[in-house]
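Protein chains in written order, with the numbering used here: chain A, 1 to 530; chain B, 1001 to 1530.
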């Protein structure tokens, strides 16, 4: 029933192990390396995500530089610098020379990266397309700067160190401008097959969207033509740092629990439940065991599979508090508004941060911002800004839960016209999902899967924002109608003054005119509508 | 710039390797295990794909049994049997207990599976959701039958053999009905979280679509309620078996060539090029070396990176024959028509098999079948049957290149009405891409990436089929108009006969009537239109 066993028989051994690096090298489009235009965005994205994560983790206000040079036909040299805490000499090679290596995968805590694939995949892509290894400078505070040249042995998925040396931060070899020097941080240099373009799908737009959602970071981009763009810092405090949590019993898989039992050093079922899961206290643990008819003092590793299953079913029937939500770090309504106003200069903005919710045991939180009018042109359709854990999503819009949520809202109820199911007008909609585990539709982390619980939260947030915007639009429309009436009545005032004077057979037409204008002004004062 | 180095510093070691099984366990939605309804289709699909591949590889006319029982709330026991050649005792555990293991990944040859993930991922999903290991019976011809119970050590991505024994094919332990016995084959049994449903997204529909494209296979499905459905064999010969080819110099990546050089035992650059690539003869090899200004007698491993790059650039400027296409095994127009007619009973069918083409160095071939009218109801929109290497694709239609291709055709030119860009009417469109490497948009192999070269070929095939269908529809419409006129004129014949008789002042009205009917019949004979 399996893989060409015939060939194996007839032509000798053929089955073999496939390294995860070989797998993703051949499937590089799954990681966002579909074409040269997209690939350079992916390279920048993975590095910037890591920089922001690392800075926030250590309470450092982020400084990020992205320097891009064209060095040939469809070939760019990319340099990425940050002021994060830096890495020690043991860590560097594996982080850049091995796929599926990292610190975030096993943690339940909101972060931009989550898979341990991003930056090593960029290094692999560089090596694949230009044959060049990646160069990394990393410096920890008060320590020497390590310079590494690393390549990946793709067939083994292991790093190979080509050069390694300590360099003097005061010396010529040290990268970076002197006016942009930190005594801790990391610089990466790689040469990749790439095409630097402008427009929606561009490094510039990616960084702009990043700046909107992370206004406490200062980001500098130097484009291949030498043009420097700075996204300045507009907030000086980092958001509250998310905390790591343990899994919740509601939503955890049987196979995972069986593995946790194997790895746990808890001596009783009761302490196992309390130690390994969030929101399980002594009382809940005893209740669950009773409900499952299992002695709570038994050693966990004596439990049979069916007993573990009973335990999980019992937990499902037991009321447990929702997981704690300090593992999440939403942007918050203030920052959402600040970001939109700074970059778009709209006439009206509103933002909604929903309370945390849970899908499949994972806490998540949805935020929505709406911006209307002002400098936003009415291009027929609205514009969408999509974010997951503060990272902009530029691709795969049509398969993203954000789009499904927007299309599920009846926008006409909010005085916004629709084309099909999509709202129209001078409108930007930004949607953010923050979660300890965002269910992306691919390793490239380009779109979020259409899960019911997530779409529902997004719809509620959009409706709440929509109502506020709708009220504003209605008021505006009424004001415009009033203004129009006022304008017309005022323009008739002279004639009417004459007519009234004539009808009255006396009086000064000019006075009637002024009186009418005053009446119009008073009756139709738009302030009265507010 | 990387993964939370802060934590590592402050809280000790935190970076670690992530096994590929852990990765996909947490990302199981990428493999098609998104929900219980879809998961059972994925389990059946991976097993059936493997069975058909294995049978064809050994010239065995496939017999496949799919037996499904509900064994609890959202839990199914699935048994999958085939008559392929079977596996030896060394191979079984790894095939079911290790992700990224197989024989197809490193080969350039059309096959249903290509990643070495499918069936082991099903076993992993079973273990994760129900805690149960997979049981496998495999028997090679003339050898004893091996029975294995295997689980996966997810943290190591390695198999663990729980039970292993030789069993007597005549004994009670041997699985399968006595009336359905083969002396070679494999049976798999697993219990998974699953929901057996009917409708478009169902095991039944998946097998029906499989039967349409693989009419030489006999497939039996036993549904949980005991209902047996047989998809009979309607063709008795296997299609031509695809051959393995070597990569083509046009489209191969620099990094891949550098690795090939490392692994090659060729003594000169010239022989390296001839041995490792398709369509490179002595003359082309010498030409390429000359163009790159490299001595063709040099040892390949003395080449610098820049020299390899020059070699590839020189190859790009050199005219090389397209890759051979016997690595492909399209269904062919006959089988396409047979499949559509058998399952849909339409009024009109047409099929187009395009010549092979190449994208990014990979040969591929597109086929299209159109079925119209008859038993096909006009539901407003057309129905789509999507296939990649003869495997039905049921999900992610909107992001699939097939849909983009269909929407790029101007169907109104073929007398088919459109709603937006989609054709309407009693229409089925089947599209098949056969390739040595299908660029799926995810590991779950649910949709094909929207590559220009592929979409173009599909569009051309659709247009060719569309023209034929359009001519048929036009003829039908004209026939209908004629028939309508004839019917009307005939129904007036009596009155006209009377009128003519009256005008003529003589004659038999009945004769005029018959004469008119004859005239109508003759003038509007629809056969004359053909």
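Ideal placement from N, C-alpha and C gives every residue a C-beta, glycine not left out.
Since we're looking at a predicted model, the values are computed, not measured.
Determine, using beta carbons only, whether residue i and residue j come nearer to each other than 8 Å.
{"i": "residue 1447 of chain B", "j": "residue 1396 of chain B", "result": "yes"}
{"i": "residue 1208 of chain B", "j": "residue 1343 of chain B", "result": "yes"}
{"i": "residue 1040 of chain B", "j": "residue 1192 of chain B", "result": "yes"}
{"i": "residue 150 of chain A", "j": "residue 162 of chain A", "result": "yes"}
{"i": "residue 340 of chain A", "j": "residue 369 of chain A", "result": "yes"}
{"i": "residue 1553 of chain B", "j": "residue 1025 of chain B", "result": "For chain B, the structure presents residues 1001 to 1530; residue 1553 of chain B sits outside this window and is missing."}
{"i": "residue 120 of chain A", "j": "residue 1398 of chain B", "result": "no"}
{"i": "residue 1224 of chain B", "j": "residue 1196 of chain B", "result": "yes"}
{"i": "residue 1481 of chain B", "j": "residue 1364 of chain B", "result": "no"}
{"i": "residue 501 of chain A", "j": "residue 508 of chain A", "result": "yes"}
{"i": "residue 300 of chain A", "j": "residue 266 of chain A", "result": "yes"}
Go ahead and pull the three-state DSSP assignment for residue i.
{"i": "residue 1533 of chain B", "result": "Residue 1533 of chain B lies beyond the residue range present for chain B, which begins at 1001 and ends at 1530; the question has no answer from this structure."}
{"i": "residue 205 of chain A", "result": "helix"}
{"i": "residue 1183 of chain B", "result": "coil"}
{"i": "residue 1087 of chain B", "result": "coil"}
{"i": "residue 174 of chain A", "result": "coil"}
{"i": "residue 1153 of chain B", "result": "strand"}
{"i": "residue 372 of chain A", "result": "strand"}
{"i": "residue 1102 of chain B", "result": "strand"}
{"i": "residue 1220 of chain B", "result": "strand"}
{"i": "residue 248 of chain A", "result": "coil"}
{"i": "residue 29 of chain A", "result": "helix"}
{"i": "residue 1074 of chain B", "result": "coil"}
Does any CB atom of chain A fall closer than 8 Å to the CB of residue i?
{"i": "residue 1273 of chain B", "result": "no"}
{"i": "residue 1381 of chain B", "result": "no"}
{"i": "residue 1308 of chain B", "result": "yes"}
{"i": "residue 1442 of chain B", "result": "yes"}
{"i": "residue 1115 of chain B", "result": "yes"}
{"i": "residue 1449 of chain B", "result": "yes"}
{"i": "residue 1196 of chain B", "result": "no"}
{"i": "residue 1254 of chain B", "result": "yes"}
{"i": "residue 1075 of chain B", "result": "no"}
{"i": "residue 1305 of chain B", "result": "yes"}
{"i": "residue 1148 of chain B", "result": "no"}
Just checking: is the beta-carbon of residue i within a distance shorter than 8 Å of some beta-carbon in chain B?
{"i": "residue 222 of chain A", "result": "no"}
{"i": "residue 18 of chain A", "result": "yes"}
{"i": "residue 258 of chain A", "result": "yes"}
{"i": "residue 129 of chain A", "result": "yes"}
{"i": "residue 232 of chain A", "result": "no"}
{"i": "residue 7 of chain A", "result": "For residue 7 of chain A, the pLDDT reaches just 37, beneath the cut-off of 50, and the residue's location in the model is therefore unreliable, although a value from the coordinates is still provided. It does; some Cβ of chain B falls within 8 Å."}
{"i": "residue 250 of chain A", "result": "no"}
{"i": "residue 174 of chain A", "result": "no"}
{"i": "residue 142 of chain A", "result": "no"}
{"i": "residue 14 of chain A", "result": "yes"}
{"i": "residue 2 of chain A", "result": "A caution first: residue 2 of chain A carries a pLDDT of 41, below 50, which makes its placement in the model too unreliable to give a value."}
{"i": "residue 105 of chain A", "result": "yes"}
{"i": "residue 102 of chain A", "result": "yes"}
{"i": "residue 277 of chain A", "result": "no"}
Contact check, residue i vs residue j under 8 Å by CB: the rounded distance?
{"i": "residue 596 of chain A", "j": "residue 467 of chain A", "result": "A query on residue 596 of chain A cannot be resolved here, the shown segment of chain A reaching from 1 to 530 and no further."}
{"i": "residue 241 of chain A", "j": "residue 277 of chain A", "result": "Wrong, their Cβ atoms sit about 23 Å apart, outside the cutoff."}
{"i": "residue 1088 of chain B", "j": "residue 1054 of chain B", "result": "Rounded, the Cβ-Cβ distance is 13 Å, inconsistent with contact."}
{"i": "residue 1201 of chain B", "j": "residue 1139 of chain B", "result": "Contact doesn't hold; Cβ gap of about 34 Å is too wide."}
{"i": "residue 60 of chain A", "j": "residue 84 of chain A", "result": "6 Å"}
{"i": "residue 1194 of chain B", "j": "residue 1075 of chain B", "result": "7 Å"}
>> Check whether the region 1307-1318 of chain B and the region 1241-1261 of chain B touch, using three or more Cβ-Cβ pairs below 8 Å as the test.
In response: Segments in contact, yes.
>> Contact between the region 1227-1236 of chain B and the region 1258-1266 of chain B is defined here as three or more beta-carbon pairs at a separation below 8 Å; is this criterion met?
In response: No: the two stretches stay apart, fewer than three of their Cβ pairs being nearer than 8 Å.
>> Check whether the region 182-190 of chain A and the region 302-309 of chain A touch, using three or more Cβ-Cβ pairs below 8 Å as the test.
In response: Counting C-beta pairs with one atom in each stretch, the region 182-190 of chain A and the region 302-309 of chain A have fewer than three that are closer than 8 Å, which means they do not touch.
> If you pair each beta-carbon of the region 1114-1130 of chain B with each one of the region 1085-1100 of chain B, do three or more pairs fall below 8 Å?
Replying inline: Touching, per the Cβ criterion.
> Can at least three beta-carbon pairs, one atom from the region 1433-1446 of chain B and one from the region 1105-1117 of chain B, be found at a separation below 8 Å?
Replying inline: Touching, per the Cβ criterion.
> When the Cβ atoms of the region 429-438 of chain A are set against those of the region 327-334 of chain A, are three or more pairs found closer than 8 Å?
Replying inline: The region 429-438 of chain A, when compared against the region 327-334 of chain A, does touch it at the 8 Å Cβ threshold.
> For the region 1340-1368 of chain B, which residues have a CB atom closer than 9 Å to at least one CB atom of chain D, in sequence order?
Replying inline: The structure shown contains no chain D; its protein chains are A and B.
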